[in-house]
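Chemist:
Numbering (the numbering used here), first residue to last: 2 to 171.
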């Protein structure tokens, strides 16, 4: 239901709308998720094929980036089941939502920004705790500031390169 909010279609979530409305909404969301999507017709068959093709592509990209070990076992099992079933049509909205969430999660794993976020969050917490102990009033807000966290990660990487690996960065 969170993708409905992202599309600004909170009011359309009504069981009386019918499945065609749901399919149109999911098609819009998939077009946003996959910009170069070859959806000519907004049919469920095209939607299923597009989703499964994107899932296959993103799995290959994760494996090529050697980040497959970061995917949790339950997600791996779900992906394997999707690949084995060879679905030609997806009728279940729940299944579509899970496939879309899986694609988003796999994209996060291979994104550089996500990697920087993981590196910088620990340093941001340490520095905000230090600054708040010195009496800085807004230092606790730094923990939730995405740009500050990424800046800390970039600084750590730069220091690691500068000192030739003496500083350990994840």
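In this text, a Cβ means the ideal position worked out from N, Cα and C, and glycines have one as well.
In whole angstroms, give me the CA-to-CA distance for residue 153 and residue 128.
Modeler: Looking up residue 153 in the chain shown gives position 152. Looking up residue 128 in the chain shown gives position 127. Each residue's alpha carbon lies about 9 Å from the other.
Chemist: For residue 85 and residue 115, I'd like the C-alpha separation in whole angstroms.
Modeler: Locating residue 85 in the chain shown gives position 84, counting from the first residue. Locating residue 115 in the chain shown gives position 114, counting from the first residue. For residue 85 and residue 115, the distance between alpha carbons rounds to 30 Å.
Chemist: Locate the alpha helix (DSSP H) running through residue 160, then write down its first and last residues.
Modeler: On the chain shown, position 159 is the one that residue 160 refers to. Element bounds for residue 160: 147–163.
Chemist: Are there three or more Cβ pairs, one per stretch, closer than 8 Å when the region 44–59 is compared with the region 91–98?
Modeler: Yes, the region 44–59 touches the region 91–98.
Chemist: Residues in the same chain with beta-carbon distance under 8 Å from residue 100, minus the five sequence neighbours each way, listed in chain order, please.
Modeler: Here residue 100 refers to the residue found at position 99 when the chain shown is read from its first residue. The residues are 52, 53, 56, 83 and 91.
Chemist: How far does the alpha helix (DSSP H) with residue 105 in it extend, from its first residue to its last?
Modeler: Along the chain shown, one-based indexing puts residue 105 at 104. That run of the alpha helix (DSSP H) goes 94–111.
Chemist: Helix, strand or coil: how does DSSP classify residue 65 here?
Modeler: Position 64 of the chain shown holds residue 65. Residue 65 falls in the helix class under three-state DSSP.
Chemist: Whole angstroms is fine: what's the gap from residue 48's alpha carbon to residue 103's?
Modeler: As a working mapping, residue 48 is identified with position 47 in the chain shown. As a working mapping, residue 103 is identified with position 102 in the chain shown. When rounded, the distance between both Cα atoms is 16 Å.
Chemist: Cβ of residue 157 within 9 Å of Cβ of residue 120?
Modeler: If you number the chain shown from 1, residue 157 lands on position 156. If you number the chain shown from 1, residue 120 lands on position 119. Their beta carbons are under 9 Å apart, which means residue 157 touches residue 120 by this criterion.
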